[in-house]
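Colleague: Below is a structure I'd like to ask you about.
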Amino acid sequence: MLDHMVKSSEVFFEALSLTGDYCMLVTDQEQVLASYYGSHFDLNIRVKDPVNPKWVVASAIQSGQAARKVVDRQATTLAISYIGYAVPIFASQGNIVGGLGIYQSTDKIDDQVRLTGSIHQSLEELREISRILAETAKLAENAQGAISNDFTLFQQSFITIQQANATIRSIASQSNLLGLNAAIEAAHMHDEHSGFEVVAGEIRKLSADTQIFAKNIDGSIQRLSEALSRLDEQLQTVRTISIEQLHGSDEIHSISIKVEQLTSALAKLVSIEQR
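Take 6 as the starting number for the sequence shown in the working numbering and just add one per residue.
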């Protein structure tokens, strides 16, 4: 039985290697009779090496039952994580003559576990970014609403100023006309020093000053109008950014859900492999 196991072990290991990184041993009760290892996983156990009592195959031979042992990379000088499985080999008479040991590297599984943990951490950071984006967008929306209200009030005040300036221009025009009438009356009286002439001069001066004042107000109104237009454009930009931030927050949340589903599926696969 033991000779047959040694002869067929190579074919068996070749088939086993197609599914992952493995090492395989066939031993009698004292030494290794056959040893196989892959290019990425080697426990440095060779033919004729004595059976170490700490090996899982030694436990199977001693107990007469299947044995399993999990070894972490920190617990071995090889810095390799693996799971060892072993079964005793019985002769035709029923006595134990050796053991078969199969060792599976769990380095990839460990990497997957670390990757899963890293993804979980990234998801938490992604959720935090999504939350901050949503809060920022909400604050921006509230601030934009307050600014929009103030902007509306300012526009109304601006219209009032325009109307007042129009009234001032009208008064200036009427004052100028009144001054001309007073000058005409003074001319009819042939008295340049009459009260009409003095009043006419003062009225014309007031009209000229008022027209200059109205012109200056027109310039200020024009500059305010341009500033209002720029402010309105900036408000529209803020509104657009707020909407984009909200949409971005929703997209991040949707992506995080999908990644979490993939992570859960990966964790299940890792759990199955560890069994």
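Where a beta carbon is used, it is the ideal one built from N, C-alpha and C, also for glycine.
Which one of A65, D223, S40, Q67 has the shortest CA to CA distance from D54?
Modeller: When each option's Cα is compared against that of D54, the closest is S40.
Colleague: Verify whether the separation of the beta carbon atoms of V56 and Q70 is less than 8 Å.
Modeller: Not in contact: V56 and Q70 (Cβ atoms no closer than 8 Å).
Colleague: Return the CA-CA distance between F18 and F46, expressed in angstroms with no decimal places.
Modeller: Those two C-alpha atoms are separated by around 13 Å.
Colleague: Do you know whose CA, among I66, A232, Y87, lies nearest G99's CA?
Modeller: The residue with the shortest Cα to Cα distance from G99 is I66.
Colleague: For K12, which three-state DSSP category applies?
Modeller: Three-state result, K12: helix.
Colleague: In the DSSP output, what is S40 paired with across the bridge?
Modeller: DSSP lists L30 as partners of S40.
Colleague: Which word fits I217, buried or exposed, when buried means at least 16 other C-beta atoms lie within 10 angstroms of its C-beta?
Modeller: So I217 counts as exposed.
Colleague: State buried or exposed for I277, treating a residue as buried only when at least 16 other CB atoms are found within 10 Å of its CB.
Modeller: Note that I277 scores a pLDDT of 49, beneath 50, so its modelled location is shaky; the value from the coordinates is reported in the next line. Counting Cβ neighbours within 10 Å, I277 comes out exposed, since fewer than 16 surround it.
Colleague: For the alpha helix (DSSP H) containing I85, list its first residue and its last residue.
Modeller: Per DSSP, I85 belongs to no alpha helix (DSSP H) and is neither H nor E.
Colleague: For V52, count the other beta carbons within 10 Å of its own beta carbon; 16 or more makes it buried, fewer makes it exposed. Which is it?
Modeller: The residue in question, V52, is exposed, as its Cβ has fewer than 16 Cβ neighbours within 10 Å.
Colleague: Is the beta carbon of N147 within less than 7 Å of some heavy atom of the ligand SAM?
Modeller: This structure lacks the ligand SAM, and indeed carries no ligand of any kind.
Colleague: Can you give the Cα-Cα distance for N221 and R228, rounded to whole angstroms?
Modeller: Each residue's Cα considered, the two are about 11 Å apart.
Colleague: What are the start and end residues of the alpha helix (DSSP H) that includes S65?
Modeller: The amino acid occupying residue 65 in the given sequence is Ala; Ser does not appear at that position. Where A65 is concerned, the enclosing alpha helix (DSSP H) stretches over 61–68.
Colleague: So L105 is in the beta strand (DSSP E); what residue range does that whole segment cover?
Modeller: Per DSSP, L105 belongs to the beta strand (DSSP E) from 101–110.
Colleague: Mapping DSSP to helix, strand and coil, what is G25?
Modeller: Note: G25 maps to coil in three-state DSSP.
Colleague: So, V31 versus G89, is the Cβ gap smaller than 8 Å?
Modeller: Taking 8 Å as the Cβ cut-off, V31 and G89 do not qualify as a contacting pair.
Colleague: Do the CB positions of M10 and G106 come within less than 8 Å of each other?
Modeller: Contact flag unset, no.
Colleague: Going straight from the alpha carbon of S64 to that of P58, what length do you get?
Modeller: S64 and P58: Cα-Cα distance of roughly 7 Å.
Colleague: I need the DSSP call for S73, collapsed to helix, strand or coil.
Modeller: Reading the sequence as shown, one finds Arg at residue 73 and not Ser. Strand.
Colleague: Measure the C-alpha to C-alpha separation of L48 and E133 and round it to an integer number of angstroms.
Modeller: Approximately 44 Å, taken between the alpha carbons.
Colleague: Classify S44: buried if its beta carbon has 16 or more other beta carbons within 10 angstroms, exposed otherwise.
Modeller: Looking at its Cβ environment, which holds fewer than 16 other Cβ atoms inside 10 Å, S44 is exposed.
Colleague: So, are the CB atoms of V37 and I50 less than 8 Å apart?
Modeller: Taking 8 Å as the Cβ cut-off, V37 and I50 qualify as a contacting pair.
Colleague: Taking all protein chains shown into account, decide if Q109 is buried (16 or more other Cβ within 10 angstroms of its Cβ) or exposed.
Modeller: The residue in question, Q109, is buried, as its Cβ has 16 or more Cβ neighbours within 10 Å.
Colleague: On the CB-based measure, 16 or more other CB atoms within 10 Å of its CB, does T111 come out buried or exposed?
Modeller: T111 should be labelled buried.
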